[in-house]
Every structure is written in C-alpha cells, then in structure tokens.
Amino acid sequence: GVDDLALFPDLSDELRQVPVADLIPRGYGGDARLLNVFDSGGTTGAPKRVVQLDDWMRHSTAQVDSRLREHNLPVGAQWLTVAPTGPHLVGDVLQRAAASLGGPGLSIDMDPRWVRKLIATGRADEVESYTDHLVEQCRRILLTQDIGVLAATTPLLERFAREDDLLERINGSVRAIVWGGTHMDPDTRHLLATEVFPEVPLIGMYGNTMMLTALLERAGLDASQPCVFDPVSPYVFLSVVDPATGERVAVGERGQVIVSHVSKSMLIPHNAERDTAVRVRPAGGHAGDAVADVAPVPTVKGETVIEGVY
Numbered sequence: 010g011v012d013d014l015a016l017f018p019d020l021s022d023e024l025r026q027v028p029v030a031d032l033i034p035r036g037y038g039g040d041a042r043l044l045n046v047f048d049s050g051g052t053t054g055a056p057k058r059v060v061q062l063d064d065w066m067r068h069s070t071a072q073v074d075s076r077l078r079e080h081n082l083p084v085g086a087q088w089l090t091v092a093p094t095g096p097h098l099v100g101d102v103l104q105r106a107a108a109s110l111g112g113p114g115l116s117i118d119m120d121p122r123w124v125r126k127l128i129a130t131g132r133a134d135e136v137e138s139y140t141d142h143l144v145e146q147c148r149r150i151l152l153t154q155d156i157g158v159l160a161a162t163t164p165l166l167e168r169f170a171r172e173d174d175l176l177e178r179i180n181g182s183v184r185a186i187v188w189g190g191t192h193m194d195p196d197t198r199h200l201l202a203t204e205v206f207p208e209v210p211l212i213g214m215y216g217n218t219m220m221l222t223a224l225l226e227r228a229g230l231d232a233s234q235p236c237v238f239d240p241v242s243p244y245v246f247l248s249v250v251d252p253a254t255g256e257r258v259a260v261g262e263r264g265q266v267i268v269s270h271v272s273k274s275m276l277i278p279h280n281a282e283r284d285t286a287v288r289v290r291p292a293g294g295h296a297g298d299a300v301a302d303v304a305p306v307p308t309v310k311g312e313t314v315i316e317g318v319y
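All you need for the numbering used here is the position in the sequence shown, starting with 1, plus 9.
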C-alpha cells in the first residue's frame, strides 16, 4: 500500500549530480520520448534534476486541465504566467495549462535563484530593484493585452496590490488568479481574496519538481476555509509525518510533507519536502493524505530556506 513507500530511503539528493541519461527508465527501450529536463529551484542547495517524458507530460497536463475546469476557468482566455520558465517545471505546467484551455500563454523572464542569492547576502536594495523589474514586465503585458487568467506567486500578487493601475486592471478584466510557487498563509489568502482582489477567484496551486506535476486547490472552498490540496492517485502520494519519528500525524495535526512520485517514467519515493502542512483526509478515490495550509520549514539540513519571489 501507500504506507510501504516509507520503506524506501529518500534518494532525491542523488538527483543533484546524476547523469540525465541514467534517469530514463530502461523499460522504454528505444521508445522513450524525452521532452524536457527540469531543475528544482535550488532552495535547499544545488538544484535537483528530473526528466519529463512524453507519456507523463500528457497525463500531467490532462489532470491539471481537469482540475482547472472544476474551478470554471475561462476557456480561450489569454494567460499571463508570472513564474520561472526555462529549466523550471512550473512554467511548463502553466503554459501547457493555458494551451489545454485554448488560450495563448504569455510569460515574463524571472530568475528565482538570483533573487535568493541577493536575499542570502543581505542585498535588500537589489532585491527591491529586481522585483521592480518583474513588475514592469507584468505591467507592459497587463496594460496592453486582454489577460483572462493571471498565474503568479504570492510575493508578486502582494506587490501588485501596491500598484493602483495594476490593481484596477486585474480587478477589472482578469477572470481568475492561480497562485503558487511560494507559500501563502491563511490570513494573506483571506485578505487577497476578500479585499485586494474581491472580484477575481483565487485558486491555489501546490507542486514542485519532485512531483513532476502540480496539485490544484480543492474546488468549492471559500477564503474562510483552509486551502486543501488533494493527491493525484495512483501517481503522486502525500503523507504528513512527525519529522522526529517519521510516523504519520493525526488528521488535523501539522507535520512535514512527504511526497512520492510513482509512474512509468519516474520513481521518486519518500521525498521529504521543505514544507509543513495540516493532514486532511483526501477526496474520494485518492490514497494517502491531502494537505492544507502548507507552510515552509525554516531550515533544511542546517541550511536556511529562502523563498524570495518564487
């Protein structure tokens, strides 16, 4: 069962140096269609690396599309993705989501690793200047294009709230906001949903490179309820455990998030995430745990966790 995934060691650190060719399962023979190689954000050290094969990409895109449609996202609308692209999985997930809903996906140029370096070395003025650079890229798009879906990180949404022209434009024409990448605490989520962007539905997205996909907020929740993310059975499993004992915490209790990815294209079992969350029972048909109110751990293996703009 799902609990047996805990019998595996966490091998994810090996993904920092393993040759890409070694990540393609031999079972494909010569038929593996490698689409992309993605890096993790490097929040906890050197980036980890995974491969995206065609069959998994199609499955991931279909499940993200299905969950977005549960939230009644507009079909055919243009998207603006305010998130890392290039070697980062999240940009690919969001661009494919836009395409699956029939809309073109616009994006900006964001380098989250550089921002983390600036924060780590106390260069606050440069962080502010770089954030201004990101906001200006967004402004040029938002004020000239008909953007129906805005996908952005929490820090950028908070920054948009300080810009009157962007605030007016988003509330006036954007029909949905998908937030993710960095964490959003319940108070911030409630404030953004009820006071900053009261006319625009906010939909949470939780995912990372080791999942090889993204989880969308459970449909039907309002800003006063916890933001719940369900797993993607039988491929992505979540467990919430006591980090001291490794035992699963009780439903309603907070613990460390453990993620396992099990598919034909990749096996990443029992990966200890840089997140804590409240354990929730999953929606019907899913195995393992669902998670709510995801928050960062302060340190990983002695290293301070820095989120930055993503």
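Beta carbons are placed, not taken as given, at the ideal position from N, Cα and C, and that holds for glycine.
Predicted model, so just to flag it, every value in this text is computed and none were measured.
| message | Let's test the definition: count the other Cβ atoms within 10 Å of the Cβ of D355 and tell me whether it reaches 16, buried, or not, exposed. | response | In the structure as shown, the chain begins at 10 and stops at 319. Residue 355 is therefore absent and cannot be evaluated.
| task | Compare the beta carbon distance of A259 and V205 with 8 Å and say whether it is the shorter of the two. | result | no
| task | Using the Cα positions of R148 and V209, report the straight-line distance between them to the nearest angstrom. | result | 18 Å
| DSSP state of F364 mapped onto helix, strand, coil | This structure cannot settle anything about residue 364, because the visible part of the chain is limited to 10 through 319.
| Length of the line joining the Cα atoms of M193 and D302 | 8 Å
| Given a threshold of 16 other Cβ atoms within 10 Å of its Cβ, counted over all protein chains shown, does S272 qualify as buried or as exposed? | buried
| field | Which of helix, strand or coil DSSP assigns to Y37 | value | helix
| said: Spatial neighbours of R212 within its chain, please: C-beta separation below 8 Å, excluding the five flanking residues on both sides. | reply: Note on residue identity: the sequence assigns Ile, not Arg, to residue 212. Hits under 8 Å: L77, H80, L82, A185, I186, V187, W188, L225, E226.
| Coarse secondary structure for P121, derived from DSSP in three states | helix
| Same chain, Cβ closer than 6 Å to P28, five either side skipped, listed in chain order | none
| message | Give the list of continuous beta strand (DSSP E) stretches no shorter than 3 residues that lie fully inside the region 150-220. | response | 156-161, 185-188, 211-217
| 8 Å Cβ cutoff met for I267 and S21 | no
| message | So A161 and V91 are supposed to be a Cβ contact under 8 Å. How far apart are they, rounded? | response | 4 Å
| Cβ pair V158, W88 closer than 8 Å | yes
| C-alpha gap between D118 and T94, whole angstroms | 7 Å
| message | Can you look up V27 in the DSSP assignment and give me helix, strand or coil? | response | coil
| said: Going by DSSP in three states, R58 sits in which element: helix, strand or coil? | reply: strand
| So, is M219 buried or exposed, given that buried needs 16 or more other C-beta atoms within 10 angstroms? | buried
| task | Please report the residue range of the alpha helix (DSSP H) in which D74 lies. | result | 63-79
| field | Alpha carbon of L44 to alpha carbon of A281, nearest angstrom | value | 26 Å
| query | Is D141 near S182, with beta carbons less than 8 Å apart? | reply | no
| said: Tell me which residues share the same chain as V287 and place their Cβ nearer than 8 Å to its Cβ, disregarding the 5 neighbours each side in the sequence. | reply: P235, V249, G261, E262, R263, V300, A301, D302
| task | Using three-state DSSP, classify A299 as helix, strand or coil. | result | strand
| How long is the line joining the alpha carbons of D174 and G114, rounded to whole angstroms? | 22 Å
| query | For V289, which residues of its own chain have a beta-carbon under 6 Å away from its beta-carbon, when the five flanking residues on both sides are left out? | reply | V237, A299, A301
| request: State the Cα-Cα distance for the pair I179 and P121, rounded to the nearest angstrom. | output: 24 Å
| message | Can you check which of these residues, A296, M275, R283, is closest to V41 by C-alpha distance? | response | According to the sequence shown, residue 41 is Ala rather than Val. Per the Cα distances, M275.
| request: Please confirm whether any heavy atom of the ligand ATP lies closer than 7 Å to the CB of P305. | output: As for the ligand ATP, it is missing from this structure, which has no ligand bound.
| message | Considering only the alpha carbon of each residue, which of D74, G131, I128, P240 lies closest to Q104? | response | D74
| Distance, Cα to Cα, L24 vs G111? | 34 Å
| What residues are listed by DSSP as bridge partners for I267? | S248, A281
| request: Tell me whether L98 sits in a helix, a strand or coil according to DSSP, three-state version. | output: helix
| Cα-Cα separation between T70 and G85, rounded to whole angstroms | 16 Å
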